[in-house]
Amino acid sequence: MLEYQTTLKSRCSLSGIGVHGGKPVSIHFSPADADTGVVFQRIDDAGTGRVIRALASEVAQTDLCTALGDVRGEHVATVEHLMAALLAVGIDNVAIEIDGSEVPVLDGSAAAFVEAFEQVGIATLEVKRRYIRVVKPVRIDNGSSWAEFRPYDGTRFEVEIDFDTPAIGRQALSLDLSAETFRSEIARARTFGFIKDVERLWAAGYALGSSLENSVVIGEDHKVINMEGLRYPDEFVRHKMLDAVGDLALAGARFIGCFRSYRGGHRLNAAALRHLLTDRSAYEIVETTRREQGRRAEMVAVNAPVYAPWMI
Numbered sequence: 082m083l084e085y086q087t088t089l090k091s092r093c094s095l096s097g098i099g100v101h102g103g104k105p106v107s108i109h110f111s112p113a114d115a116d117t118g119v120v121f122q123r124i125d126d127a128g129t130g131r132v133i134r135a136l137a138s139e140v141a142q143t144d145l146c147t148a149l150g151d152v153r154g155e156h157v158a159t160v161e162h163l164m165a166a167l168l169a170v171g172i173d174n175v176a177i178e179i180d181g182s183e184v185p186v187l188d189g190s191a192a193a194f195v196e197a198f199e200q201v202g203i204a205t206l207e208v209k210r211r212y213i214r215v216v217k218p219v220r221i222d223n224g225s226s227w228a229e230f231r232p233y234d235g236t237r238f239e240v241e242i243d244f245d246t247p248a249i250g251r252q253a254l255s256l257d258l259s260a261e262t263f264r265s266e267i268a269r270a271r272t273f274g275f276i277k278d279v280e281r282l283w284a285a286g287y288a289l290g291s292s293l294e295n296s297v298v299i300g301e302d303h304k305v306i307n308m309e310g311l312r313y314p315d316e317f318v319r320h321k322m323l324d325a326v327g328d329l330a331l332a333g334a335r336f337i338g339c340f341r342s343y344r345g346g347h348r349l350n351a352a353a354l355r356h357l358l359t360d361r362s363a364y365e366i367v368e369t370t371r372r373e374q375g376r377r378a379e380m381v382a383v384n385a386p387v388y389a390p391w392m393i
């Protein structure tokens, strides 16, 4: 666990299209001061300059993606892949300018974000990083789906999916999250969908920018139609874990614990996070301390303000 907060060493940018809106968009990442967190600002003609904080309290929509802000007004959608990359590589503070309402999908994974951040480098700041440590289990059920947080000495994800198609079936993946495990096991896993759903999604205004260049597509014959095939044999559950990492990054602080889900998605991830943060007995705020020279850093509870930024 890192002791101090971080930010980017310098500015970087990426461009692409939104997977749902299908419109070109550019996004710019700049260093930010300690305790800024992750903040978005629209710089297109529709933007008012209002800062949209990447927090659970700003989640406005979880249908097919996670959107922040006001979906009837100024908002930023499809933030989950970006947020997963920021959390995994260890960036706490960044100011993000975007000239549209949706983060570019790029190749449908988080790999390009990770590469961009690692190219410019990460700077350590002089303010301690605080963590949310899960101290008791909390669980939420929704029909046959469920998600829970449990105490754990580290940050762990255990995700299981079950789709009624032989192309996916039942897949499970468990790992302790670090920059290394995210980069090698999760970052390149792409979003996916079914060709049978395309017309319905288009009619609803979704997936207008989706293509075989940014999505894994399953055909009517239950086979992956992308010519290059899958990047991992179980790419589907890996992408679901990527989404979960990004959705839980909206806690506003890194969590220490284990997140488990079965047949989850953006809506269930958001509900589980709200359930945790609204139960003040389920977690404590901690930071690292070195009590003796040369001794391994320990996590100790600290007094947090009543209206801490990560609270709902």
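Following my numbering, the numbering of the sequence shown begins with 82 at its first residue and continues without gaps.
Here a beta-carbon is modelled for each residue, glycine too, at the ideal position from N, C-alpha and C.
Start and end residues, alpha helix (DSSP H) containing residue i
i	result
N350	H347 to L358
K321	E316 to L329
H162	E161 to V170
A284	V279 to A284
For residue i: DSSP bridge partner residues
i	result
T205	T87
T370	E379
H156	G150
D222	W227
S111	A176
F275	I299
Limits of the beta strand (DSSP E) - the one that residue i falls within
i	result
A141	V140 to Q142
A176	V175 to I179
L254	R251 to D257
V120	V119 to R123
I98	C93 to I98
D243	T236 to D243
I403	Nothing in the structure corresponds to residue 403, since the chain is present only between 82 and 393.
R264	Per DSSP, R264 belongs to no beta strand (DSSP E) and is neither H nor E.
Classification of residue i by the beta-carbon crowding that lies within 10 angstroms, buried from 16 upward
i	result
G235	exposed
P314	exposed
L168	buried
Y388	Note that Y388 scores 38 on pLDDT, short of 50, meaning its location in the model is unreliable and no value can be drawn from it.
K293	This sequence places Leu at residue 293; Lys is not what is there. That one is exposed.
M308	exposed
S91	exposed
S94	exposed
Q86	buried
Neighbour flag for residue i against chain D, beta carbons, 8 Å
i	result
T143	Of the protein chains in this structure there is only one, and it is not chain D.
Margin query: With three or more beta-carbon pairs closer than 8 Å as the criterion, would you say the region 245 to 261 touches the region 91 to 109?
Written below: no
Notebook entry, point to check: Would the region 137 to 147 and the region 295 to 312 be scored as touching if the rule is three or more Cβ pairs under 8 Å?
Noted result: no
Notebook entry, point to check: Looking at C-beta atoms only, is the number of pairs between the region 141 to 154 and the region 342 to 354 that lie closer than 8 Å three or more?
Noted result: yes
Checklist line | Given 8 Å, three or more beta-carbon pairs between the region 187 to 198 and the region 266 to 280 | finding: yes
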